[in-house]
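Novice: Please find one structure pasted underneath; my questions will follow.
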Amino acid sequence: MTAPSVIFSLLHDGVIVAHEWRDDALLLTVNILYLAEMLDPSFRALTVQINGARDLVFRTWPKAPDAAPAELTARVDLDAVLAEEPDILSATWNAETERTTVVMNQSSASASYCGGDLSFRSTGIIVRDPTGKIRPIADLDDIARRYWEAFGARSPST
């Protein structure tokens, strides 16, 4: 199994704009314009299907300096976190605990936190384009690498 952190690392700078629970899977719609458009100019987002999603914990980054981080585990709380359309910043994989941690930022004025870490276990992960076609992680990695190489070539040297 490819570590889910690889997928989320490819989706850094993406925004989770929708989510859905389907049996034991969590489906996330991620707006990631540069990557989606490289697959097809009409695409704006990709769907990440986290199979066997379990042991989900969102540890908040409180806005108030004296507030303690909260650990949200109830599905209703996780739904509220994901409804805030968080930005994906980075991701890590812990092979020992088999947990993926996705670092997310959110800018909602109504939330008491400004982001946090979503940690979970899963049995696998699939990425689909808007037509439902499964996109292999290696292909997405190659597309992202080519994009960032071209981006770096356009950037002025320092």
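For the sequence shown, the numbering used here begins at 535 and goes up steadily by one. For every residue, glycine included, the Cβ atom is placed at its ideal position computed from N, Cα and C. A quick note: this is a predicted structure, and the numbers were derived from the prediction, not measured.
Any idea what DSSP makes of serine 624, helix, strand or coil?
Specialist: strand
Novice: What are the complete beta strand (DSSP E) segments, minimum 3 residues, inside the segment 559 to 630?
Specialist: 559 to 565, 579 to 585, 588 to 596, 621 to 628
Novice: Determine the extent of the beta strand (DSSP E) in which aspartate 651 is found, giving its start and end residues.
Specialist: Counting along the chain, the beta strand (DSSP E) containing aspartate 651 begins and ends at 647 to 655.
Novice: Would you mind stating whether isoleucine 566 and alanine 579 have Cβ atoms separated by less than 8 Å?
Specialist: yes
Novice: Would you report the Cα separation of isoleucine 622 and arginine 556, rounded to the nearest angstrom?
Specialist: Straight-line Cα distance between these residues: approximately 22 Å.
Novice: Would you decide whether serine 641 is buried or exposed? Buried here means 16 or more other CB atoms lie within 10 Å of its CB.
Specialist: exposed
Novice: Could you give the distance in angstroms between the alpha-carbon of serine 653 and the alpha-carbon of lysine 667?
Specialist: 27 Å
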